[in-house]
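Working notes, beginning with the structure itself.
Chains as they are written, first to last, in this note's numbering: chain A, 242 to 580; chain B, 16 to 269.
Okay, structure coming up:
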């Protein structure tokens with residue numbers, strides 16, 4: 242019954258927000274504590290989908306604030322986070338200096354900053370600087386290289402945005418899970434703070450995507466990009482739940498419940514990932530094939546319907562996990578009250 | 016704001032022979048650093064300027080802002096006004112340009128742009144006039160703030176001339192990064208407030224090539240400003256005993 246995940250590389254993801262968090266973790270005392278699958282889960286990025294029904298725009302995955310895409314996840318993982326007050330460019334040199342010094346402060350402490358749209362419109366990290374040469378050292382999905390200070394004024398999206406980790410703090414397992422599940426369920430139900438109502442996120446994202454295929458309006462590039470991002474994300478969700486039982490090996494009621502629910506969640510997210518993987522294969526990035534071809538579009542509708550159905554069941558399992566945590570908290574509170 | 020301060024100043028605006036100075040004389044006096052003369056120009060033309068701005072912008076609050084900005088621009092650019100007797104039409108053109116710039120900058124993404132990877136960035140051509148204006152505005156605001164601080168501290172007219180000359184020198188320094196042709200077009204657009212169409216006819220070029228020149232020049236001037244700004248950044252940090260270079264271990268691959 243178990244299907245094997247086709248992905249073999251678990252060190253890279255199409256979701257640059259999670260890749261950047263993972264990259265930064267390597268410089269902290271929490272290095273080695275989390276896998277990329279853990280990061281994808283606790284930052285909620287394994288469960289993202291955001292589709293414009295009129296185009297399947299490639300803007301979808303990042304139409305959220307950096308607070309949603311990165312900061313909440315880092316906090317759940319046990320860090321305090323600071324954000325640069327982002328600004329549009331061109332900007333006066335004083336503002337650029339403010340951004341450069343924001344990055345330098347954390348680099349001086351040994352931890353890179355996370356930046357937006359450094360070489361291309363994705364997240365990346367800033368891990369060095371040279372004031373004599375007027376250069377930042379950056380890495381993003383496009384390349385590893387230097388970014389002259391004046392280029393901050395000419396970034397691809399004309400917007401400077403950075404985040405940095407401040408302190409590493411202790412977090413307890415149960416509250417991490419509770420916060421992550423809350424965020425993931427909120428997203429699945431379409432209640433996440435979004436930047437545009439035109440895009441649909443969570444389970445409604447699948448309906449928007451189906452609508453785009455039915456109306457033959459899916460943009461080849463955007464469709465291929467979303468298919469790559471979302472299928473990769475769900476593979477990480479499945480991988481995470483596959484490995485989840487080892488995280489709940491205790492003897493108490495909650496551990497037993499969580500460990501029992503894990504294979505169910507893995508099963509549903511694997512099915513979601515399988516359908517999306519086939520979809521992504523039909524419309525390879527970046528050319529994207531022919532999403533408006535009637536035969537292909539009809540097949541895409543079937544695959545998306547199957548992915549949605551599987552994910553709905555997956556979300557049901559996540560709600561049960563969440564309820565189990567709340568129940569255990571209530572009973573331990575009651576016990577504390579009795580004592 | 017400085018214009019209000021100037022406006023409130025005691026005005027000594029009559030010539031020795033008792034008659035009122037005309038605009039051209041006031042412009043000349045203002046150019047040589049007489050803040051009171053500029054104050055008188057403001058007083059004389061403020062109502063009319065507000066009328067133009069309200070008519071162009073159809074919004075009285077916006078009109079107030081625009082007039083305020085326009086007078087600051089006018090003051091900073093007074094040296095660029097070739098014919099001193101043409102102050103009124105020149106001011107009117109500045110106001111018209113300010114209105115156009117503000118209205119064009121409006122719309123759904125006027126103030127905010129979606130935080131997203133692939134939302135359309137404005138093409139250099141269509142976004143040029145307001146972006147160029149915005150950028151220059153910032154430069155001028157910075158300079159006028161500097162001027163404001165300086166003059167408040169020293170509180171003396173002779174300083175005004177020096178300040179204004181320094182501002183112009185700063186701009187001229189930046190413009191050195193341009194070729195002579197680029198500089199002419201740039202100055203015509205930003206300082207003489209000519210439209211690209213006017214510039215095209217003045218220089219016998221196509222409107223398209225004026226846009227291209229302006230766009231390229233804007234980027235060059237911007238880079239030059241940043242280069243100049245960061246020129247002694249490392250030195251200043253060294254004096255403060257702060258590190259000037261640090262590169263962490265290479266990150267994981269993306």
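Beta carbons are placed, not taken as given, at the ideal position from N, Cα and C, and that holds for glycine. Source: prediction; values computed, not measured.
Residue closest to residue 319(A), alpha-carbon to alpha-carbon, out of 553(A), 416(A), 297(A) | The shortest Cα separation from residue 319(A) among 553(A), 416(A), 297(A) belongs to 416(A).
Integer-rounded CB distance, given that residue 281(A) should sit under 8 Å from residue 435(A) = That pair is no contact at about 20 Å.
Roughly how far, in whole angstroms, is the beta-carbon of residue 341(A) from the beta-carbon of residue 356(A), given that I think they are within contact range, below 8 Å?
-> Not a contact, Cβ separation roughly 11 Å.
Whole-number beta carbon distance between residue 87(B) and residue 113(B), since they are thought to touch under 8 Å = The Cβ separation is near 10 Å, so there is no contact.
Residues, ordered as in the chain, of the segment 378 to 394 of chain A that lie near chain B by beta-carbon distance below 8 Å | 378, 380, 381, 382, 385, 390, 391, 394
Closest Cβ-Cβ distance between residue 241(B) and chain A: below 8 Å?
-> yes
Determine, using beta carbons only, whether residue 373(A) comes closer than 8 Å to chain B.
-> Yes, contact with chain B.
Rounded C-alpha distance that separates residue 189(B) from residue 239(B) = 6 Å
Please name the residue or residues paired with residue 323(A) in a DSSP beta bridge.
-> 405(A)
Unbroken alpha helix (DSSP H) run spanning residue 314(A), endpoints | 313 to 318
Quick one: grab the DSSP three-state call for residue 457(A).
-> The answer is coil: DSSP assigns residue 457(A) none of H, G, I, E or B.
Just tell me which of 481(A), 456(A), 461(A), 452(A) has its CA closest to the CA of residue 283(A).
-> 481(A)
Take the Cβ of residue 492(A) as the centre, count every other Cβ of all protein chains shown within 10 Å, and call the residue buried at 16 or more, exposed below.
-> exposed
Is the CB of residue 334(A) under 8 Å away from at least one CB in chain E?
-> Checking the listed chains, one finds no chain E in this structure; the protein chains it contains are A and B.
In three-state DSSP terms, what is residue 213(B)?
-> helix
Rounded C-alpha distance that separates residue 89(B) from residue 108(B) | 10 Å
Assign residue 250(B) to one of two classes, buried (16 or more other C-beta atoms within 10 Å of its C-beta) or exposed (fewer than that).
-> exposed
Are the Cβ atoms of residue 263(B) and residue 369(A) separated by less than 8 Å?
-> The beta carbons of residue 263(B) and residue 369(A) sit closer together than 8 Å.
Where residue 540(A) falls: helix, strand or coil (DSSP) = helix
Could you confirm whether any beta carbon from chain A is found closer than 8 Å to the beta carbon of residue 262(B)?
-> yes
Nearest chain A C-beta to residue 245(B) closer than 8 Å, yes or no?
-> Yes, contact with chain A.
Consider the Cβ of residue 250(A): report whether some Cβ of chain B lies at a distance smaller than 8 Å.
-> no
Identity of the residues DSSP links to residue 92(B) by a beta bridge = In the DSSP output, where bridge partners are listed per residue, residue 92(B) has none listed.
Residue burial classification, residue 246(B) (beta-carbon count within 10 angstroms, cutoff 16) = exposed
For residue 357(A), write down the residues that DSSP places opposite it in a beta bridge.
-> 364(A)
Could you spell out where the alpha helix (DSSP H) holding residue 498(A) opens and where it closes?
-> 494 to 523
Residue 15(B) CB to nearest chain A CB: under 8 Å?
-> Not covered by the structure: residue 15(B). The range shown for chain B is 16 to 269.
Per DSSP, what kind of secondary structure is residue 57(B) in: helix, strand or coil?
-> Of the three classes helix, strand and coil, the one that applies to residue 57(B) here is helix, per DSSP.
In chain order, what residues of the segment 340 to 351 of chain A put their CB closer than 8 Å to some CB of chain B?
-> Answer in chain order: 345, 348, 349, 351.
By a C-beta neighbour count over all protein chains shown, 10 Å radius and 16 as the cutoff for buried, is residue 487(A) buried or exposed?
-> exposed
Segment contact flag, the segment 451 to 459 of chain A with the segment 527 to 545 of chain A, C-beta cutoff 8 Å, min 3 pairs = yes
Could you spell out where the alpha helix (DSSP H) holding residue 263(A) opens and where it closes?
-> 257 to 266
Can residue 468(A) and residue 520(A) be called in contact, C-beta distance under 8 Å?
-> A distance below 8 Å separates the beta carbons of residue 468(A) and residue 520(A).
Span of the beta strand (DSSP E), counted from its first residue to its last, around residue 386(A) = 385 to 389
Got a sec: is the Cβ-Cβ distance from residue 228(B) to anything in chain A below 8 Å?
-> No - not a single Cβ of chain A is within 8 Å of the one on residue 228(B).
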